[in-house]
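Asker:
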Ligand SMILES: [Zn+2]
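Given below as structure tokens:
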């Protein structure tokens, strides 16, 4: 009885949120047009993505930093890219934070690090985005648009800062304050061990390519750390799936099994 009531209340609340945060047709079409990898989804997946986006917009709070105005276009662009990885997994993967801070351009963050002699080095880091355990998530709009890809002049076609940062969020879902590990939560210790065996082998191969100066589908930044490799591999999985499947098939397979998506497969015909 109570369970039924709670379920009905949840459905009612979801309907309200969907109505209140419905994405206008024109804006949705524009978003699909700008991000080709979203337009490639099957019609069913596109409508599910649109539904998730509305629920995402209902549950997250956008803030513009330094006078940056978060327009509907900005919010929907971020929501659509953010919801893609969890299309088949559910929005609860993003329950760990609420705030999304948007900057117009890249962020300059002061850092300090102590070396092994105990000397503290102060320096500035330039970031396109940052995901912290417990949030908020920080993103630079200038790096989140399709135009940002063009600026790279074909050097790196696989680029989605939004997917990158949300991959870190997924990675941190079960990590608490430990930060990202390079693995999302998996059902069993065996699954986790198998994940790391494949991921580390794929990372090793990738680092060798980067060391030798060979161009890779995945952003060379992935050589920095295993958790960064997971984030840039996730970008490639969604933005250039066929290229990734061709270049690192075993990596493609574990990502496909986790995200429950096969973006390199041709989309089902429209019904
Ligand atoms: Zn990262």
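Residue numbers (the UniProt record's numbering): 1 to 271.
For each residue, glycine too, the CB sits at the ideal point set by N, CA and C.
Run the proximity test for residue 228: is its beta-carbon closer than 6 Å to any non-hydrogen atom belonging to ligand 1?
Answerer: Taking the chain shown and counting its residues from 1, the one referred to as residue 228 is at position 228. Indeed, a heavy atom of ligand 1 lies less than 6 Å from the Cβ.
Asker: Since residue 139 contacts residue 162 with CB under 8 Å, what's their CB separation in whole angstroms?
Answerer: Mapped onto the chain shown, residue 139 falls at position 139. Mapped onto the chain shown, residue 162 falls at position 162. Residue 139 to residue 162, Cβ: 6 Å. Contact.
Asker: Residues in its own chain within less than 7 Å of residue 57 by CB, not counting five upstream and five downstream?
Answerer: Here residue 57 is taken as the residue at index 57 of the chain shown, counted from 1. Result list for residue 57: 21, 75 and 79, in chain order.
Asker: Assuming contact is defined by CB atoms lying nearer than 7 Å, are residue 236 and residue 244 in contact in what I supplied?
Answerer: Locating residue 236 in the chain shown gives position 236, counting from the first residue. Locating residue 244 in the chain shown gives position 244, counting from the first residue. For residue 236 and residue 244, yes; Cβs fall inside 7 Å.
Asker: Is the CB-CB distance between residue 220 and residue 241 below 7 Å?
Answerer: Position 220 of the chain shown, counted from the first residue, corresponds to residue 220. Position 241 of the chain shown, counted from the first residue, corresponds to residue 241. No.
Asker: Taking the straight line between their C-alpha atoms, what separation do you get for residue 275 and residue 181?
Answerer: Residue 275 is absent from the structure shown; the chain starts at 1 and stops at 271.
Asker: Under the criterion of a Cβ to heavy atom distance below 6 Å, does residue 233 qualify as lining ligand 1?
Answerer: Counting from one through the chain shown, the residue named residue 233 turns up at place 233. Checking the Cβ of residue 233 against ligand 1 gives no.
Asker: What does a CB cutoff of less than 8 Å around residue 275 pick up in its chain, not counting 5 residues either side in sequence?
Answerer: Absent from the model: residue 275. The displayed extent of the chain is 1 to 271, so no value can be given.
Asker: How would you label residue 231, buried or exposed, when you count the other beta carbons within 10 angstroms and need 16 or more for buried?
Answerer: Looking up residue 231 in the chain shown gives position 231. When all chains shown are included, residue 231 counts as buried.
Asker: Residue 141 and residue 172: beta carbons closer than 7 Å?
Answerer: Indexing the chain shown from 1 puts residue 141 at position 141. Indexing the chain shown from 1 puts residue 172 at position 172. The answer is no: Cβ separation not under 7 Å.
Asker: Out of curiosity, what's the CA-to-CA distance linking residue 179 and residue 196?
Answerer: For the purposes of this step, residue 179 is taken as the residue at position 179 of the chain shown. For the purposes of this step, residue 196 is taken as the residue at position 196 of the chain shown. Using only the alpha carbons, I get a separation of about 17 Å.
Asker: When burial is assigned at 16 or more other CB atoms within 10 Å of the CB, is residue 9 buried or exposed?
Answerer: The count along the chain shown starts at 1 and reaches residue 9 at position 9. Counting Cβ neighbours within 10 Å, residue 9 comes out exposed, since fewer than 16 surround it.
Asker: Distance check for residue 193 and residue 187, CA to CA, integer angstroms please.
Answerer: Within the chain shown, numbered from 1, the residue matching residue 187 stands at position 187. Within the chain shown, numbered from 1, the residue matching residue 193 stands at position 193. So the alpha carbons of these two residues sit roughly 11 Å apart.
Asker: Could you tell me which whole alpha helix (DSSP H) segments of length 4 or greater appear in the stretch 226 to 254?
Answerer: Taking only runs of at least 4 residues, the alpha helix (DSSP H) segments lying wholly in the stretch 226 to 254 are 226 to 239 and 241 to 247.
Asker: So who's on the other strand from residue 63, going by DSSP bridges?
Answerer: Indexing the chain shown from 1 puts residue 63 at position 63. Answer is 101.
Asker: Cα separation between residue 120 and residue 108?
Answerer: Reading the chain shown from its first residue, position 120 is the one you call residue 120. Reading the chain shown from its first residue, position 108 is the one you call residue 108. Going from the Cα of residue 120 to the Cα of residue 108 covers about 19 Å.
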